[in-house]
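Chemist: One structure follows; several queries about it will come next.
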Ligand code: MG
């Protein structure tokens with residue numbers, strides 16, 4: 004069984020993610036990588052899992068370096084001088100979850116071969132400890148935050164705007180507010196104390212979790228609000244009118260700033276970017292920032308983005324970096340209001356649905372859907388991740404969720420009537436297969 008999801012290993016503390024698994028991860032990593040940088044977000048289980056993973060690493064004779072509580076992009080940037088970086092985090096998941104993200108020195112997450120090898124080692128559990136006189140040692144590594152901050156400051160300009168930063172109790176508490184101050188911003192900090200229980204808000208930076216930030220932007224008359232998830236690879240925003248700006252809207256705003264020739268987005272990203280960047284080459288990947296990162300490297304593209312709030316700036320680094328994204332947006336907003344940028348991005352009507360299915364019939368349903376989707380008359384059918392049907396005036400995506408027993412349907416078009424038409428067709432065909 005594979006323990007890896009698209010962003011490393013993740014699950015509930017003491018259920019899927021046990022101390023034994025953590026120690027085995029350390030043993031497996033330590034057997035292949037001799038100098039390992041390790042960091043964690045603010046979760047209550049972070050220190051405990053760090054100790055277990057470090058024990059495993061040392062028992063296999065490798066050296067561990069502890070960066071302490073840092074954001075994921077901070078850890079990944081620090082990891083460029085090591086054989087690999089391990090980030091203990093469950094990203095945007097609630098506090099009862101934890102996991103590990105694995106980073107290469109170039110900022111890319113572990114590639115398939117690396118993940119498969121680790122998976123194999125974790126399943127076999129054939130770990131040989133080294134002799135007592137070859138046990139590795141643990142050192143502190145306390146410069147990661149400063150290194151990351153300097154790297155970002157070398158790539159962005161100054162900004163004199165007023166910003167509210169909502170760290171959500173997560174790992175960005177020690178970098179984003181200080182960074183924005185160094186850029187010249189007037190900074191108001193919200194949820195800036197480390198809180199592994201995430202008691203102030205759910206760590207996922209989506210609109211429904213950001214009422215506090217929206218209120219603070221309005222009450223302090225700020226120019227911008229910035230929100231992170233638990234480990235800071237994500238960033239979403241609030242404009243000076245108190246409107247949430249995330250998803251495809253923010254994706255388009257950043258893409259307009261970054262893209263010269265080419266862009267990488269997952270199959271579920273809006274077609275608004277296609278219309279805003281008619282001359283750009285747009286590559287679509289499977290859903291997951293890991294796939295966006297890999298495609299970005301392969302295509303040498305200008306920008307990679309997921310509507311979830313995950314942004315990759317290859318001119319900066321290949322790891323998704325919500326801290327850099329926040330700094331860049333603060334710089335952009337010093338020249339033009341975020342509300343103006345947002346209003347220039349059209350919003351196309353969408354329809355989204357999740358239909359329950361019997362997972363025991365997964366194979367049969369996949370086959371049935373494949374047959375039916377291929378029979379629909381469309382401009383282009385792509386099957387990188389589910390079935391994406393491109394039509395003249397819109398598109399549809401049908402996917403079997405990997406985490407829930409649901410068939411997900413997403414439809415978008417330039418006009419509401421077209422959305423209805425496409426949706427009706429796709430929905431009835433899907434229902435037919437599920438029956
Ligand atoms: Mg994250």
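Numbering (the numbering used here), first residue to last: 4 to 438.
Heads up, the beta-carbon is just placed ideally off N, CA and C, and yes, glycines get one too.
As the structure is a computational prediction, the values presented were derived from the model and not from experiment.
(1) By a C-beta neighbour count over all protein chains shown, 10 Å radius and 16 as the cutoff for buried, is residue 134 buried or exposed?
(2) What residues in its chain sit with their C-beta under 8 Å from that of residue 97, if we drop five residues either side in the sequence?
(3) Measuring only from the beta carbon, is residue 95 closer than 8 Å to any heavy atom that is part of ligand 1?
(4) Going by the DSSP bridge assignment, what does residue 269 pair with across the sheet?
(5) Is the separation between the beta-carbon of residue 330 and that of residue 182 shorter than 9 Å?
(6) Using 8 Å as the threshold, is the segment 106–119 in touch with the segment 257–273, meaning 3 or more CB pairs across them?
(7) Taking only heavy atoms of ligand 1 into account, decide whether any of them is closer than 8 Å to the Cβ of residue 237.
(8) Please indicate yes or no: does the CB of residue 324 lie closer than 8 Å to some heavy atom of ligand 1?
(9) Can you tell me whether DSSP reads residue 196 as helix, strand or coil?
(10) With the cut-off set at 9 Å, would you say residue 3 and residue 410 are in Cβ contact?
(11) How would you call residue 84, buried or exposed, if buried means at least 16 neighbouring beta carbons within 10 angstroms?
(12) Does the segment 385–394 come within contact of the segment 249–264, defined as at least 3 CB pairs closer than 8 Å?
(13) Hey, residue 362 and residue 310: beta-carbon distance below 9 Å or not?
(14) Look at the Cβ atom of residue 49, then the Cβ atom of residue 26, and state whether they are nearer than 9 Å.
(15) Consult DSSP for residue 231 and reduce its assignment to one of helix, strand or coil.
(16) Using alpha carbons as the reference points, say which of 354, 16 and 416 lies closest to residue 2.
(17) For the segment 315–362, which segments carrying the beta strand (DSSP E) assignment without a break, of at least 3 residues, lie completely within its bounds, in sequence order?
(18) Starting from residue 53, trace the beta strand (DSSP E) both ways and give me its first and last residue.
(19) Using the Cβ count rule (16 or more neighbours within 10 Å means buried), how would you classify residue 140?
(20) Which stretch, first to last residue, makes up the alpha helix (DSSP H) that contains residue 179?
(21) If I measure Cβ to Cβ from residue 322 and keep anything under 6 Å in the same chain, skipping five residues before and after, which residues do I get?
(22) Kindly examine ligand 1 and report whether one of its heavy atoms sits closer than 8 Å to the Cβ of residue 169.
(23) Quick check on DSSP: helix, strand or coil for residue 92?
(24) Could you check whether the Cβ of residue 172 sits closer than 9 Å to any Cβ belonging to chain C?
Modeler: In short:
(1) By the 10 Å Cβ count, residue 134 comes out exposed.
(2) Contacts found: 201, 205 and 206.
(3) Yes; taking the cut-off as 8 Å, the Cβ of residue 95 has a heavy atom of ligand 1 nearer than that.
(4) Per DSSP, 288.
(5) Contact flag set, yes.
(6) No: the two stretches stay apart, fewer than three of their Cβ pairs being nearer than 8 Å.
(7) For residue 237, the CB falls within less than 8 Å of some heavy atom of ligand 1.
(8) When distances are taken from the beta-carbon of residue 324 to the heavy atoms of ligand 1, even the shortest one reaches 8 Å or more.
(9) Residue state, collapsed to three classes: coil.
(10) A question about residue 3 goes unanswered here, because the residues of the chain that appear run from 4 up to 438.
(11) Answer is exposed; the Cβ neighbour count stays below 16.
(12) Contact check between the segment 385–394 and the segment 249–264: fewer than three CB pairs, one atom from each, fall below 8 Å, which does not count as touching.
(13) Between residue 362 and residue 310, the gap from beta carbon to beta carbon reaches 9 Å or more.
(14) Contact: no.
(15) Look at residue 231 here: in three-state DSSP terms it is strand.
(16) In this structure the chain extends from 4 to 438, so residue 2 is not present and cannot be described.
(17) Counting only runs of 3+ residues, the beta strand (DSSP E) found wholly inside the segment 315–362 occupies 353–359, in chain order.
(18) That residue, residue 53, is in no beta strand (DSSP E); its alpha helix (DSSP H) goes 49–62.
(19) Label assigned to residue 140: exposed.
(20) For residue 179, the enclosing alpha helix (DSSP H) starts and ends at 179–186.
(21) Its chain contains 76, 79 and 110 as the residues whose beta carbon lies nearer than 6 Å to that of residue 322, once the 5 sequence neighbours on both sides are disregarded; these appear in chain order.
(22) Every heavy atom of ligand 1 is 8 Å or more from the Cβ of residue 169, so no.
(23) DSSP places residue 92 in coil when its eight states are reduced to three.
(24) This model lacks chain C altogether, as it is built from one protein chain only.
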